[in-house]
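Sequence lines, in order, name chains H and L. So the first sequence is residues 8 to 294, counted in my numbering. So the second sequence is residues 8 to 294, counted in my numbering.
Number of protein chains: 2
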Amino acid sequence: MGELYLVGMGPGDLPGLTLRAREALEKAGVVIGYSTYIKLLEEMGLLGGKEVVRKGMTEELDRAEEALERALAGQRVALVSGGDPGIYGMAAPVLELMEEQGFRRADGGMGLPGRFALGEKNLVLEVIPGVTAANAVASLLGSPLSHDTCLISLSDLLTPWPLIERRLHAAGMGDFVVVLYNPQSKRRDWQLRRSAEILLAFRPKETPAALVKSAYRKRQEVTLTTLEGLLSAEAGMLTTVVIGNQQSRFFEGTFLTPRGYGLKYHLETGEPLPGETPGLSLRRRDA
Amino acid sequence: MGELYLVGMGPGDLPGLTLRAREALEKAGVVIGYSTYIKLLEEMGLLGGKEVVRKGMTEELDRAEEALERALAGQRVALVSGGDPGIYGMAAPVLELMEEQGFRRADGGMGLPGRFALGEKNLVLEVIPGVTAANAVASLLGSPLSHDTCLISLSDLLTPWPLIERRLHAAGMGDFVVVLYNPQSKRRDWQLRRSAEILLAFRPKETPAALVKSAYRKRQEVTLTTLEGLLSAEAGMLTTVVIGNQQSRFFEGTFLTPRGYGLKYHLETGEPLPGETPGLSLRRRDA
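As structure tokens, this is what we get:
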């Protein structure tokens, strides 16, 4: 029976791969992906002896269709995504297409991995998680995501822009840390600025922000800035943007969003503050 | 000079570790962590010949302090977090404590890895990202996080509950997919129900939801339910909860949040819908 592994590559270097992802790539007879990711896997030396199918950037449905066809025909297929397949990656287009084509569950199970049938043919589908850009980028900055965080894609190719704006407003109201995926491209050149404008209604212009380009790859660039600085920042398709919450601060060249230990403990002595008890709810109501 | 690696363990099994995390653990002379994580690393056979320091669950500051002291004394220290150190993990308490203790940047650099000094002593700090629970859990469900997502911790040990409620309201208003970390414990037994009540004001009671316990570990449990079902669900410290957005649906035992291909393309033929153009902004304004 054919197998389809949706493999998360993490940031895109060999040390950033999980062992599970490497094993899936080793088992696969054919590897399908966006040409940039295929090139990275070649540089890692992981494609030797395998059939390789490169596709263009906007051809997700085409990649998903080819992967499903080949797995139904009995091949072991790895369909790769940068970062994690479940975060703006290939997991959704594969399932959307399976639904459209009328696949049925064939193992009576729930969740994944699972066996699915289309007519007389079967395949096993498995999603192999990876380190998504939010986490890769955060590790190069310090600890910007240490409190509640939103991931928002600024790409309006599949999402109406009004919905993206509504989410930016909500993220501002909730004082979430915000990670922006797909912040800018040649055609989409005003969305990052507009996002910063929306968040400026909710938090100070000095709020820490950062742009990280090509995390853990060649030409990696880490830029610390502020929410106001994002109004005139240049980003690209390889950039991820992080915007702090109202507690975030820079500490000696790192981007720190406190978890809140200082609200409960005297950090120098480790003793709880008056009225606070370790292991119990915070008594303070403000933060 | 001492080195401190904040290592993300991913879900907690050997195949879920990145190569970078394994290499940091191999280099380390001493490994410090919450006893549950230390036990998992022992089972993986990664602690042979190393000094091991086990700490209790609420002793994050204690763990951070010991790790910093040992690194300043010249040791190579791995301080481990489940998932990713930057998502409710050890990265924030380490930086918060370094700030309190008066560490200074010693390499003139920005971001991490970086060299920091306290008085005459130095250490190098590096954060090694891992697969966080949101991504691990999503991979077992299908593709629930394929559109904009919020991560919210329901633990009010360090966060005032009113701020958590404000974020749940904001997540509802923005129709974000929601991942709840730390949904319930013996002492915190009403927060998950209250969270479901808040979100029920914004999305239908049939909205797909799921509880995943111990993803990729022994006694893994995947439960599909609905937002209404969360009102009476039992979760625990090892459970992560996912709540879909208004487009989310179950498909043959999987949890699917569509990325939106069906808004732009005829999924059967792959042709763009009338008025839509591949590579350009979505013309439809509703979704």
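For every residue, glycine included, the Cβ atom is placed at its ideal position computed from N, Cα and C.
Does the stretch 29 to 40 of chain L come into contact with the stretch 78 to 98 of chain L, if we say contact requires no fewer than three beta-carbon pairs (one atom in each stretch) closer than 8 Å?
yes
Rounded C-alpha distance that separates residue 237 of chain L from residue 56 of chain L
Numbered from its first residue, the second sequence carries residue 237 of chain L at position 230. Numbered from its first residue, the second sequence carries residue 56 of chain L at position 49. Answer to the nearest angstrom: the Cα atoms are 45 Å apart.
DSSP on residue 150 of chain L, reduced to helix/strand/coil?
Counted from its first residue, the second sequence places residue 150 of chain L at position 143. Correct three-state label for residue 150 of chain L: strand.
With a CB to CB cut of under 7 Å and the five nearest residues on each side skipped, what residues in its chain are close to residue 7 of chain L?
Because residue 7 of chain L is not part of the residues shown, which for chain L are 8 to 294, the question remains open.
Contacting residues, own chain, Cβ-Cβ under 6 Å from residue 152 of chain L (five flanking each side not counted)
Looking up residue 152 of chain L in the second sequence gives position 145. For residue 152 of chain L, where only same-chain residues beyond five positions count, the Cβ hits under 6 Å are 145 and 184.
With DSSP collapsed to three states, give me the class of residue 44 of chain H.
For the purposes of this step, residue 44 of chain H is identified with residue 37 of the first sequence, where counting begins at 1. Helix, per DSSP.
Apart from the five residues on each side of it in sequence, which residues of its chain come closer than 8 Å, Cβ to Cβ, to residue 191 of chain L?
As a first step, residue 191 of chain L is located in the second sequence; it is residue number 184 there, counting from the start. Hits under 8 Å: 161, 198, 199, 241, 242, 243, 244 and 246.
Coil, strand or helix - residue 88 of chain L by DSSP
As a first step, residue 88 of chain L is located in the second sequence; it is residue number 81 there, counting from the start. Strand at residue 88 of chain L.
With DSSP as the reference, label residue 142 of chain L as helix, strand or coil.
As a first step, residue 142 of chain L is located in the second sequence; it is residue number 135 there, counting from the start. DSSP places residue 142 of chain L in helix when its eight states are reduced to three.
Quick one: which chain L residues come within Cβ less than 9 Å of residue 94 of chain H?
As a working mapping, residue 94 of chain H is identified with position 87 in the first sequence. Those are 141, 142, 145, 152, 153 and 156, listed as they occur along chain L.
In whole angstroms, give me the CA-to-CA distance for residue 193 of chain H and residue 283 of chain H.
Translated into the one-based positions of the first sequence, residue 193 of chain H becomes position 186. Translated into the one-based positions of the first sequence, residue 283 of chain H becomes position 276. Near 52 Å, if we compare the C-alpha coordinates of residue 283 of chain H and residue 193 of chain H.
Would you mind telling me which residues of chain L sit closer than 7 Å to residue 117 of chain H, beta carbon to beta carbon, in chain order?
Looking up residue 117 of chain H in the first sequence gives position 110. Going along chain L in sequence order, the residues near residue 117 of chain H (Cβ under 7 Å) are 229, 231 and 260.
Grab the span of the alpha helix (DSSP H) containing residue 206 of chain L for me, first residue to last.
Within the second sequence, the letter at position 199 stands for residue 206 of chain L. Where residue 206 of chain L is concerned, the enclosing alpha helix (DSSP H) stretches over 198 to 207.
Can you grab the Cα-Cα spacing for the pair residue 156 of chain L / residue 48 of chain H, in whole Å?
The count along the second sequence starts at 1 and reaches residue 156 of chain L at position 149. The count along the first sequence starts at 1 and reaches residue 48 of chain H at position 41. Looking at the two C-alpha atoms, the distance is approximately 28 Å.
Looking only at its own chain, which residues have a Cβ that is under 6 Å from the Cβ of residue 262 of chain H, when we skip the five neighbours before and after it?
For the purposes of this step, residue 262 of chain H is identified with residue 255 of the first sequence, where counting begins at 1. Within the same chain, residue 262 of chain H has close Cβ partners 148, 149, 151, 215 and 217.
Would you tell me roughly how many angstroms separate the C-alpha atoms of residue 209 of chain H and residue 169 of chain L, rounded to the nearest one?
For the purposes of this step, residue 209 of chain H is identified with residue 202 of the first sequence, where counting begins at 1. For the purposes of this step, residue 169 of chain L is identified with residue 162 of the second sequence, where counting begins at 1. Approximately 18 Å, taken between the alpha carbons.
Residue 186 of chain L versus L/222, L/140 and L/165, residue with shortest Cα-Cα distance:
Residue 186 of chain L sits at position 179 when you count from the first residue of the second sequence. Per the Cα distances, L/140.
Spell out whether any CB of chain L is found under 7 Å from the CB atom of residue 248 of chain H.
The residue given as residue 248 of chain H occupies position 241 in the first sequence. Cβ-Cβ to chain L under 7 Å: no for residue 248 of chain H.
Following the continuous beta strand (DSSP E) through residue 291 of chain H, name the residue where it begins and the one where it ends.
Translated into positions along the first sequence, residue 291 of chain H becomes position 284. Residue 291 of chain H -> no beta strand (DSSP E), and no H or E assigned at all.
In the DSSP assignment, what residue or residues form a beta bridge with residue 129 of chain L?
As a first step, residue 129 of chain L is located in the second sequence; it is residue number 122 there, counting from the start. Residue 129 of chain L is bridged to L/124.
Here's the rule: buried if 16 or more other CB atoms are within 10 angstroms of the residue's CB, otherwise exposed. What is residue 18 of chain H?
Residue 18 of chain H sits at position 11 when you count from the first residue of the first sequence. Its Cβ being crowded by 16 or more others within 10 Å, residue 18 of chain H is buried.
According to the Cβ coordinates, are residue 15 of chain H and residue 159 of chain H closer than 7 Å?
Mapped onto the first sequence, residue 15 of chain H falls at position 8. Mapped onto the first sequence, residue 159 of chain H falls at position 152. The answer is no: Cβ separation not under 7 Å.
Does the pairing of the stretch 97 to 112 of chain L with the stretch 262 to 274 of chain H give three or more beta-carbon distances under 8 Å?
yes
For residue 292 of chain H, would you say it is in contact with chain L, using Cβ-to-Cβ distances shorter than 7 Å as the test?
By 1-based counting over the first sequence, the position of residue 292 of chain H is 285. Taking Cβ atoms only, chain L reaches closer than 7 Å to residue 292 of chain H, which makes this a yes.
Go ahead and pull the three-state DSSP assignment for residue 136 of chain H.
As a working note, residue 136 of chain H is residue 129 in the first sequence. In the displayed model, residue 136 of chain H falls within coil according to three-state DSSP, outside both helix and strand.
In whole angstroms, what is the alpha-carbon distance linking residue 175 of chain H and residue 252 of chain H?
Within the first sequence, the letter at position 168 stands for residue 175 of chain H. Within the first sequence, the letter at position 245 stands for residue 252 of chain H. Each residue's Cα considered, the two are about 13 Å apart.
Partners in chain H for residue 264 of chain L, counting only beta-carbon separations shorter than 8 Å:
Within the second sequence, the letter at position 257 stands for residue 264 of chain L. Per Cβ cutoff of 8 Å: 99.
Answer with buried or exposed for residue 92 of chain H, where buried requires no fewer than 16 other C-beta atoms within 10 angstroms of its C-beta.
As a working mapping, residue 92 of chain H is identified with position 85 in the first sequence. Residue 92 of chain H should be labelled buried.
Rounded to whole angstroms, what is the Cα-Cα separation between residue 119 of chain L and residue 74 of chain H?
Here residue 119 of chain L refers to the residue found at position 112 when the second sequence is read from its first residue. Here residue 74 of chain H refers to the residue found at position 67 when the first sequence is read from its first residue. Rounded to whole angstroms, residue 119 of chain L to residue 74 of chain H spans 38 Å at the Cα level.
Which residue or residues does DSSP assign as beta-bridge partners of residue 25 of chain H?
Working through the first sequence from its first residue, we reach residue 25 of chain H at position 18. BP columns for residue 25 of chain H point to L/25.
Residue 234 of chain L and residue 250 of chain L closer than 7 Å at C-beta
Taking the second sequence and counting its residues from 1, one reaches residue 234 of chain L at position 227. Taking the second sequence and counting its residues from 1, one reaches residue 250 of chain L at position 243. Cβ atoms of residue 234 of chain L and residue 250 of chain L: closer than 7 Å.
Check whether the Cβ atoms of residue 10 of chain H and residue 131 of chain H sit closer than 7 Å, and answer yes or no.
Counting from 1 along the first sequence, the entry for residue 10 of chain H is found at position 3. Counting from 1 along the first sequence, the entry for residue 131 of chain H is found at position 124. In contact: residue 10 of chain H and residue 131 of chain H (Cβ atoms closer than 7 Å).
Residue 264 of chain L and residue 154 of chain L closer than 7 Å at C-beta:
Taking the second sequence and counting its residues from 1, one reaches residue 264 of chain L at position 257. Taking the second sequence and counting its residues from 1, one reaches residue 154 of chain L at position 147. Yes. Within cutoff.
Report all residues from its chain with a CB closer than 6 Å to the CB of residue 255 of chain H; omit the five preceding and five following residues, and keep chain order.
By 1-based counting over the first sequence, the position of residue 255 of chain H is 248. 215 and 264.
Compare the beta carbon distance of residue 129 of chain H and residue 113 of chain H with 7 Å and say whether it is the shorter of the two.
Position 122 of the first sequence, counted from the start, is the residue given in the question as residue 129 of chain H. Position 106 of the first sequence, counted from the start, is the residue given in the question as residue 113 of chain H. Yes, Cβ-Cβ distance for residue 129 of chain H and residue 113 of chain H is below 7 Å.
Return the CA-CA distance between residue 23 of chain L and residue 138 of chain L, expressed in angstroms with no decimal places.
As a working mapping, residue 23 of chain L is identified with position 16 in the second sequence. As a working mapping, residue 138 of chain L is identified with position 131 in the second sequence. Using only the alpha carbons, I get a separation of about 7 Å.
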